[in-house]
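Encoded as structure tokens, the structure appears first; notes follow it.
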Amino acid sequence: MCGIVGIINEGNISVKNDLLKSLKRLEYRGYDSVGFADVQGNVEKDIGEISKFMDSIKDYKTSCAISHTRWATHGGVTKTNSHPHWNSKKNIFTVHNGIIENYEELKKELISKGHEFITETDSEIISHFFDEELKSKTMIEAIKSFIRRIKGTYAILIIEKGKNRIYAIKKDSPLVLGLAKDRFYLASDIYAFSDNTNKAIFFEDEEFAIVDPDRYSFYDLNGNELKKSIYEFTWAITQEESVKDYPHYMIKEIHEQPISSQRLLNSLDGEQHEKVAKIANLIKNSKRVVFTAAGSSYYASLLGVYFLNRIGINAHTLIASEFQNFMLVDKDTLLIAISQSGETMDVVTATKWARERGAKIVSLVNVPHSTLQRISDISLEIHAGPEISVAATKTFTNQVVALLYLSYILGFSINMKTIPEKIDYVINENEESIKHLANELYDKKDIYIIGRGLSYPPSREMALKLKEISYIHAEGMMGGELKHGTIALIEPGTPVIALIPGKDFDMHSNAKEVEARGARVIKIANMMESDFKIDVTINDGKFAILSVVIGQLLTYYIARKKGLPIDKPRNLAKSVTVK
1 MCGIVGIINE GNISVKNDLL KSLKRLEYRG YDSVGFADVQ GNVEKDIGEI
51 SKFMDSIKDY KTSCAISHTR WATHGGVTKT NSHPHWNSKK NIFTVHNGII
101 ENYEELKKEL ISKGHEFITE TDSEIISHFF DEELKSKTMI EAIKSFIRRI
151 KGTYAILIIE KGKNRIYAIK KDSPLVLGLA KDRFYLASDI YAFSDNTNKA
201 IFFEDEEFAI VDPDRYSFYD LNGNELKKSI YEFTWAITQE ESVKDYPHYM
251 IKEIHEQPIS SQRLLNSLDG EQHEKVAKIA NLIKNSKRVV FTAAGSSYYA
301 SLLGVYFLNR IGINAHTLIA SEFQNFMLVD KDTLLIAISQ SGETMDVVTA
351 TKWARERGAK IVSLVNVPHS TLQRISDISL EIHAGPEISV AATKTFTNQV
401 VALLYLSYIL GFSINMKTIP EKIDYVINEN EESIKHLANE LYDKKDIYII
451 GRGLSYPPSR EMALKLKEIS YIHAEGMMGG ELKHGTIALI EPGTPVIALI
501 PGKDFDMHSN AKEVEARGAR VIKIANMMES DFKIDVTIND GKFAILSVVI
551 GQLLTYYIAR KKGLPIDKPR NLAKSVTVK
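If you want it as structure tokens, here you go:
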């Protein structure tokens, strides 16, 4: 959700080939507009895609520039509301990711001092704030004042016209400094510059930095200079960052799941095995085991709860945005926090809240060195590789594989080794039939997915995919709850997907109930009559993964039939860094 990239160099860089190329690597975070500013005072911005923006502007040469992709929160999707923003004299330029909660109060104050605003955004006040502060203060003093006065979240880059320097400030929104051979990067995450360097310094909350072409300095809230550690990261990305021969990243990433799940299993058996053993021991010895996550990661956590409950370990999960309202947490609690990006604001906030109350923190992340990983006691990396499409496909699968593996270590009966080949079989065996089903369902207004036990969380995840990518109202629900209300919505022809693992006669009965009322029932099963067969002999957890893969394919082909923007669905962001 929003991407920030700044580059400072001793020589000149190309805005198109360097700055915007790095910004393009953050497209997966979601955005609706794009822009940049340089220290010569050049500014360009517009709504729409980065590639089209790059085609529309000349290739500026500069030694220092900042750029931004915006995902609208305050103010509509317009060129004017896009970043960068500037002050009235147009000599201070800023980009911002986050939300300024007290911007209305500050805006009134600045207007009273003669500042003129042209946008509807909260972010515009930043340039004007610094313009006012710099009348009587140094930049360091102005930044200290900003941190004290601003309420909200922010990752901010600031440049001044004619000065070859970038100022960066961070609170509750990710920001990282990349150290390349001939330049420095400032970005929302390491992926922006991971093709040029593997060295990075991560900002902590209420820290700021001054970055020159040949040096950088970090400071705390009080202006004290800090010594920061340089991290060297490894992330296997080059083979997966191109769409290659596929029409969309989503279908490419669906097809990568046999490989990405195998990569994770190799890691869990190998370099991460010691961490797995420690986490399993924490789960076994904690009085209270709770999960928190959001979106697809929440449905993965729900499966984790089912797996642990099946082996006699009491566990619960709660959506991160509601965590503080309902969950009891103390020093006897183990929190397992799950986030693909490791930057999901609700998950990070819930985790910090639990940590303050003494809980032990375990996390599952895909992006190394992310905020969630850094605030965890132990963190497992799910090794899905970069997932460019907004839809979680291979990252969801690898989250579930990781949770299955932990449960397996604790006594859950399953042959983990066959998961990659089963995924491969399900894709190859069912893809053509799914294309035909998509042609039948693409114009439906509603689709219901029902499951029980280990097939209930997959029903929720499949419904989420249909809503996100196919723009179809879908509900995933417990089969036993149908007759308590939802069955009133079933009409002749209403599609109902029934997930029937093993010889689940109750689930089979639920499918018959809606079939008797004229529903178009699509059965996914492994041991009973079905439309789509899953090649597992028992309901050991693999059914959950494989049924979701079928749902991913169905979602993709429905969206493709409808001509929708599959990799960048409307209003959605990959990394949700606001509450």
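Under full-length UniProt numbering, the first residue of the sequence shown carries the number 1, and numbering increases by one thereafter.
Cβ coordinates follow ideal geometry from the N, Cα and C atoms, glycine included.
Helix, strand or coil, according to DSSP, for N9 in the structure here?
Counted from its first residue, the sequence shown places residue 9 at position 9. Three-state result, N9: strand.
With DSSP as the reference, label H248 as helix, strand or coil.
As a position in the sequence shown, residue 248 is number 248, starting the count at 1. Here H248 sits in coil by DSSP.
Rank G541, P495 and S455 by C-alpha distance to the C-alpha of residue 641 and give the top, closest one.
Only positions 1 to 579 of the chain appear in the structure, and residue 641 is not among them; the question remains open.
Going along the chain, which unbroken runs of the beta strand (DSSP E) with 3 or more residues stay wholly within the region 484 to 532?
495 to 500 and 520 to 525
Going by C-alpha distance, which of K45, A168 and T62 is nearest N12?
The residue labelled residue 12 in the question sits at position 12 within the sequence shown. Of K45, A168 and T62, the residue nearest in Cα terms is T62.
Tell me the rounded alpha-carbon separation between M477 and A37.
Within the sequence shown, numbered from 1, the residue matching residue 477 stands at position 477. Within the sequence shown, numbered from 1, the residue matching residue 37 stands at position 37. The alpha-carbon atoms of M477 and A37 are separated by roughly 49 Å.
Whose C-beta lies closer than 7 Å to the C-beta of E116 among residues of the same chain, with five residues either side of it excluded?
On the sequence shown, position 116 is the one that residue 116 refers to. Cβ neighbours of E116 beyond the five flanking positions: S88.
For D212, which three-state DSSP category applies?
Translated into the one-based positions of the sequence shown, residue 212 becomes position 212. D212 falls in the coil class under three-state DSSP.
In terms of residues, what are the limits of the beta strand (DSSP E) holding R357?
The count along the sequence shown starts at 1 and reaches residue 357 at position 357. First-last for R357: undefined, no H or E at that position.
Establish whether the CB of N266 and some CB of chain C are separated by less than 8 Å.
The structure shown contains no chain C; it is built from a single protein chain.
Let's see if you can read the secondary structure: which residues bound the alpha helix (DSSP H) around L335?
As a first step, residue 335 must be located in the sequence shown, where it is residue number 335. Looking at the DSSP string, L335 is not in any alpha helix (DSSP H); the run it does join, the beta strand (DSSP E), is T333 to S339.
What residue from F291, D59, E44 and L572 has the CA that sits closest to S82's CA?
Sequence index remark: in the sequence shown, residue 82 carries index 82 (1-based). S82 has its Cα closest to that of E44, out of F291, D59, E44 and L572.
Mind listing, in chain order, the continuous beta strand (DSSP E) runs of no fewer than 3 residues lying wholly within the region 130 to 184?
Qualifying beta strand (DSSP E) stretches, in chain order: 152 to 160, 166 to 171 and 176 to 179.
Could you tell me whether the region 322 to 333 touches the region 250 to 265, where touching means 3 or more Cβ pairs closer than 8 Å?
no
Just reading off the alpha helix (DSSP H) that H68 is part of, what are its end residues?
Taking the first residue of the sequence shown as 1, we reach residue 68 at position 68. Counting along the chain, H68 falls outside any alpha helix (DSSP H), though it belongs to the beta strand (DSSP E) covering K61 to R70.
Where does the unbroken alpha helix (DSSP H) through I319 begin, and where does it stop?
The residue given as residue 319 occupies position 319 in the sequence shown. Where I319 is concerned, there is no enclosing alpha helix (DSSP H), although the beta strand (DSSP E) it sits in stretches over A315 to I319.
Got a sec? Which residues, its chain only, sit under 8 Å from I254 by beta carbon, not counting five neighbours each side?
The residue given as residue 254 occupies position 254 in the sequence shown. T393, K394, I427, V549, Q552, L553 and Y556, listed in sequence order.
From the DSSP output, in three-state form, read off S389 for me.
Residue 389 sits at position 389 when you count from the first residue of the sequence shown. In this structure, S389 counts as coil in the three-state DSSP scheme.
Going by other Cβ atoms of all chains shown within 10 Å of its Cβ, with 16 needed for buried, is F53 buried or exposed?
In the sequence shown, the residue the question calls residue 53 occupies position 53. Buried, because 16 or more other Cβ atoms sit within 10 Å of the Cβ of F53.
Straight-line CA distance for I566 to R29?
The residue given as residue 566 occupies position 566 in the sequence shown. The residue given as residue 29 occupies position 29 in the sequence shown. Roughly 14 Å between the two C-alpha positions.
For the region 344 to 360 and the region 434 to 449, state whether three or more C-beta atom pairs, one from each stretch, are separated by less than 8 Å.
No, they do not touch.
Which residues does DSSP list as the beta-bridge partners of R288?
What you label residue 288 is simply residue 288 of the sequence shown in a count that begins at 1. Its beta-bridge partners are T333.
Give the single residue among R215, M416, S370 and S321 whose Cα lies nearest to the Cα of T349.
Within the sequence shown, numbered from 1, the residue matching residue 349 stands at position 349. Of the candidates R215, M416, S370 and S321, the one whose C-alpha sits nearest the C-alpha of T349 is S321.
Counting pairs of Cβ atoms below 8 Å between the region 427 to 440 and the region 452 to 469, do you hit three or more?
Result no; under three Cβ-Cβ pairs closer than 8 Å.
Quick check on I472: does DSSP put it in helix, strand or coil?
In the sequence shown, counting from the first residue as 1, residue 472 sits at position 472. Residue state, collapsed to three classes: coil.
Give the C-beta separation of N510 and G485 to the nearest angstrom, bearing in mind that I take them to be a contact with Cβ-Cβ under 8 Å.
The residue you call residue 510 lines up with position 510 of the sequence shown. The residue you call residue 485 lines up with position 485 of the sequence shown. Not confirmed; about 14 Å, so no contact.
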